[in-house]
Amino acid sequence: MEALIALIVGVLTACGVFLALRGQTFPVVLGLTFLSYAVNLFLFVMGRLAIGVPPVINAAAQGYTDPLPQALVLTAIVISFGMTAFVIVLALKARAELGNDHVDGLHSEEDAAR
Amino acid sequence: MNGLAMHLPILPVLLPLVAGIVLLVLRNAPLALQRGISLVATAALVPLAFALLATASDGTQLVYKLGNWEAPFGIVLVADRLAAWMLMATALVALFALLHALRGDDVKGRHFHVLYQLQLFGLNGAFLTGDLFNLFVFFEILLLASYGLLLHGGGRLRVKAGLHFVVINLIGSTLFLFAVGTLYGVNGTLNMADLAVRLARTVPENLALVETAGLLLFGVFALKAALLPLHLWLPAAYAHTSAPVAALFAIMTKVGAYSILRVTSLMFGADAGAVANLLADWLMPLALVTLVAGMLGAVAATALRQQIAYLVIASVGTLLAAFALDSVDGIAAGLYYLPHTTLAAAAIFLLADPIARARGERADRFEAGSAMPGAPVLGGLFFAAAIAMAGLPPLSGFLGKFMLLRAALESPWLAWLWSVVLVTGLIGVIALARSGSLLFYRTHSTSESLPAPHAADWLPAAGLLLFGLGMVIWAGPVSDYATATAAQLLHPQAYIDAVLGGRP
Chain A
0 MEALIALIVG
10 VLTACGVFLA
20 LRGQTFPVVL
30 GLTFLSYAVN
40 LFLFVMGRLA
50 IGVPPVINAA
60 AQGYTDPLPQ
70 ALVLTAIVIS
80 FGMTAFVIVL
90 ALKARAELGN
100 DHVDGLHSEE
110 DAAR
Chain B
0 MNGLAMHLPI
10 LPVLLPLVAG
20 IVLLVLRNAP
30 LALQRGISLV
40 ATAALVPLAF
50 ALLATASDGT
60 QLVYKLGNWE
70 APFGIVLVAD
80 RLAAWMLMAT
90 ALVALFALLH
100 ALRGDDVKGR
110 HFHVLYQLQL
120 FGLNGAFLTG
130 DLFNLFVFFE
140 ILLLASYGLL
150 LHGGGRLRVK
160 AGLHFVVINL
170 IGSTLFLFAV
180 GTLYGVNGTL
190 NMADLAVRLA
200 RTVPENLALV
210 ETAGLLLFGV
220 FALKAALLPL
230 HLWLPAAYAH
240 TSAPVAALFA
250 IMTKVGAYSI
260 LRVTSLMFGA
270 DAGAVANLLA
280 DWLMPLALVT
290 LVAGMLGAVA
300 ATALRQQIAY
310 LVIASVGTLL
320 AAFALDSVDG
330 IAAGLYYLPH
340 TTLAAAAIFL
350 LADPIARARG
360 ERADRFEAGS
370 AMPGAPVLGG
380 LFFAAAIAMA
390 GLPPLSGFLG
400 KFMLLRAALE
410 SPWLAWLWSV
420 VLVTGLIGVI
430 ALARSGSLLF
440 YRTHSTSESL
450 PAPHAADWLP
460 AAGLLLFGLG
470 MVIWAGPVSD
480 YATATAAQLL
490 HPQAYIDAVL
500 GGRP
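Each protein sequence line maps, in turn, to chains A and B. Counting from 0, one number per residue, gives the positions in the first sequence under numbering that gives the first Met the number 0. Counting from 0, one number per residue, gives the positions in the second sequence under numbering that gives the first Met the number 0.
Shown next as structure tokens:
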């Protein structure tokens with residue numbers, strides 16, 4: 000299970016980095032989204048993987064799962080959601096202001112195709 | 000302690016938040032009312048910061064437990080000397096930048112005052128918090144507000160610079176979360192004092208993980224501080240935004256420098272066992288290279304605001320070189336230099352605005368233009384600001400650099416630090432002298448008539464410079480405070496005891 004989650008985090012990060020390095024704003028936004036998915040999953044498993052145990056300790060419980068990473072992930076999800084919304088609006092504004100969707104706002108068609 | 004004094008550490012965080020929300024609700028209210036609320040809320044930060052400075056100056060470390068949850072289970076705010084020092088610098092810069100904004104920059108787009116207050120909320124929170132994840136949250140708050148402020152007023156170049164700024168900072172935030180997650184996974188805590196205790200007891204099999212997380216954190220803070228090679232976002236962003244925002248952003252790079260200082264002194268300091276002095280090999284060379292690159296950029300700049308942006312990068316280099324000395328004198332020199340460089344950079348950003356307007360179409364580009372109206376006043380102020388920025392006597396930049404050079408006498412980096420600081424100082428003087436003579440002397444008379452600058456255009460910048468002068472006149476008490484702050488930072492056990500209440 001740990002290996003599977005680690006693989007997923009790794010693949011998501013790799014995709015995110017690759018897309019974030021592209022020249023158009025849309026892949027960059029997608030890349031940032033992938034990166035935030037990867038980090039949210041990573042934060043979540045930092046409390047260790049546990050199945051069927053309560054988050055709050057009581058006398059009868061055999062063990063417990065750490066509730067704090069879940070709170071952290073919730074915060075991180077909200078923040079990354081807000082940031083994604085903002086960067087999409089900004090990318091649309093850049094597309095409108097600069098006339099193309101290249102991150103450097105290149106002007107000619109050949110430049111934009113690169 | 001009575002009621003209000005007990006809640007003193009949280010007031011600089013709450014006040015801008017409440018003011019921001021009130022301003023958002025009153026967004027259709029008359030402009031004068033909005034400006035009044037914003038101005039009162041910002042001005043009130045100065046006495047609050049002063050009260051915290053007075054409380055912290057005897058070595059007290061005020062710990063504010065949010066919701067009265069005991070550390071390390073709850074989030075704490077810690078107002079020690081360093082936090083109070085940073086709050087004071089922020090409050091002063093924010094007040095004068097806002098006074099400049101009231102001249103008309105605040106109506107060029109919507110919600111300027113709301114974003115401004117939220118930016119202050121994030122800045123003050125980042126300086127006060129004693130919790131690593133909370134630091135991340137305050138970073139996000141100040142960044143989101145800064146995105147809005149950066150784009151305030153719109154325009155092609157601003158949107159392009161803004162896009163780069165936003166994307167690189169989002170990636171920085173992701174790396175921050177990876178670092179925080181790794182530290183939590185290994186140590187099971189996010190309270191900085193508790194982390195300091197646990198990091199010192201790192202077992203060998205976790206050492207690589209902890210070092211990775213620590214260096215990742217350093218990378219994120221270096222990005223915020225615009226340390227080479229992570230400085231490329233800064234010049235375009237600062238040069239193309241509006242003057243009051245650029246002036247306020249002078250404190251933003253210092254947030255990164257503050258975080259580096261806080262984390263290295265508390266969590267990776269000399270007492271940190273296996274992870275002690277984690278950044279020692281990295282900080283000094285990177286700081287010196289940043290200083291050189293910033294000054295070369297300042298020489299090559301083609302416009303005044305671009306030049307100041309490069310000087311901001313150079314000042315970060317000087318600042319971190321001082322912190323990298325890792326001695327009481329070195330950190331004290333950095334802490335004296337920090338408010339000086341923030342005030343001077345903010346003043347010169349605020350001056351660039353009336354200068355650019357007085358030059359008509361040429362704005363702040365370095366090319367010969369017509370004689371500008373009000374040149375004696377603007378030129379005089381520019382001269383004073385340039386002296387402060389270049390670190391020449393009699394202004395505070397000279398004292399800061401002098402303290403730095405003196406502190407380096409015992410360091411193995413002596414030769415490198417002296418030669419780099421002195422040579423870049425000379426380059427800075429040349430760059431500023433060139434821009435000053437181009438802007439003010441290489442002029443020809445034309446029939447083009449531009450309005451003379453109003454006194455209110457340059458008074459905020461002059462006010463900031465007066466504070467720089469004050470730092471020279473009261474250099475004794477100010478440097479004593481900086482030295483005491485440095486001593487407090489190098490003995491983190493007091494901080495840990497204050498937060499954890501003396502428990503192991």
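Positions of the beta carbon are idealized from the N, C-alpha and C atoms, including for glycine.
So with Cβ pairs under 9 Å, would you call residue i a contact of chain A?
i, result
"residue 204(B)", "no"
"residue 241(B)", "no"
"residue 184(B)", "yes"
"residue 170(B)", "yes"
"residue 197(B)", "no"
"residue 467(B)", "no"
"residue 177(B)", "yes"
"residue 139(B)", "yes"
"residue 285(B)", "no"
"residue 244(B)", "no"
"residue 173(B)", "yes"
Please list, in chain order, the chain B residues whose beta carbon lies closer than 9 Å to that of residue i.
i, result
"residue 52(A)", "Correct list: empty, because the minimum Cβ distance to chain B is about 16 Å."
In this structure, how does DSSP classify residue i when only helix, strand and coil are distinguished?
i, result
"residue 59(B)", "coil"
"residue 61(A)", "coil"
"residue 275(B)", "coil"
"residue 130(B)", "strand"
"residue 376(B)", "helix"
"residue 269(B)", "coil"
"residue 430(B)", "helix"
"residue 369(B)", "strand"
"residue 404(B)", "helix"
"residue 10(B)", "helix"
"residue 111(A)", "At residue 111(A), the pLDDT of 47 sits below 50, so the modelled position is not reliable; the number obtained from the coordinates is stated separately. DSSP places residue 111(A) in helix when its eight states are reduced to three."
"residue 75(B)", "strand"
For residue i, tell me which candidate among the options has the shortest Cα-Cα distance.
i, options, result
"residue 61(B)", "274(B), 34(B) and 6(B)", "6(B)"
"residue 38(A)", "171(B), 257(B) and 292(B)", "171(B)"
"residue 162(B)", "98(A), 95(A) and 86(A)", "86(A)"
"residue 87(B)", "202(B), 480(B) and 174(B)", "480(B)"
"residue 381(B)", "359(B), 360(B) and 348(B)", "348(B)"
"residue 250(B)", "440(B), 326(B), 94(B) and 383(B)", "94(B)"
"residue 132(B)", "237(B), 258(B) and 326(B)", "258(B)"
"residue 449(B)", "473(B), 362(B), 484(B) and 393(B)", "362(B)"
"residue 123(A)", "8(A), 67(A), 69(A) and 99(A)", "Summary: the structure shown does not reach residue 123(A), with chain A confined to residues 0 through 113, and so no result is reported for it."
"residue 367(B)", "438(B), 315(B) and 415(B)", "438(B)"
"residue 430(B)", "302(B), 459(B) and 491(B)", "302(B)"
"residue 20(B)", "386(B), 246(B), 483(B) and 33(B)", "33(B)"
"residue 103(B)", "139(B), 31(B) and 39(B)", "31(B)"
"residue 82(A)", "350(B), 144(B), 410(B) and 45(B)", "144(B)"
Note down, in chain order, every chain A residue with its Cβ under 7 Å from the Cβ of residue i.
i, result
"residue 41(B)", "The contacting residues do not exist; residue 41(B) stays about 24 Å from chain A at best."
"residue 146(B)", "85"
In chain A, what lies closer than 8 Å to residue i by C-beta?
i, result
"residue 132(B)", "71 and 74"
Which bits of chain B does residue i rub up against, with CB to CB less than 7 Å?
i, result
"residue 104(A)", "159"
"residue 42(A)", "176 and 180"
Measuring only between beta-carbons, confirm whether residue i sits less than 9 Å from chain B.
i, result
"residue 6(A)", "no"
"residue 78(A)", "yes"
"residue 64(A)", "no"
"residue 68(A)", "yes"
"residue 15(A)", "yes"
"residue 85(A)", "yes"
"residue 3(A)", "no"
"residue 60(A)", "no"
"residue 22(A)", "no"
"residue 9(A)", "no"
"residue 25(A)", "no"
"residue 0(A)", "no"
What in chain B is Cβ-close to residue i, meaning under 8 Å?
i, result
"residue 49(A)", "Near residue 49(A) there are no residues of chain B at all, since even the closest Cβ is about 14 Å away, more than 8 Å."
"residue 45(A)", "180, 181, 183 and 184"
"residue 97(A)", "155, 158 and 159"
> Where in the segment 169-254 of chain B do unbroken runs of the alpha helix (DSSP H), each at least 4 residues long, occur, reported from the N-terminal end onward?
Replying inline: 191-199, 206-224, 233-239 and 242-248
> Hey, which unbroken runs of the alpha helix (DSSP H) at 4 residues or more fall wholly within the segment 302-366 of chain B?
Replying inline: 303-323 and 327-357
>> Please give the ranges of any alpha helix (DSSP H) in the segment 27-58 of chain B, keeping only runs that are unbroken, at least 4 residues long and fully inside the region.
In response: 30-55
>> At 4 residues or longer, what runs of the alpha helix (DSSP H) sit wholly inside the segment 82-168 of chain B?
In response: 111-127 and 131-149
>> Runs of 4 residues minimum, wholly inside the segment 444-494 of chain B: which ones carry the alpha helix (DSSP H) assignment?
In response: 454-472 and 474-488
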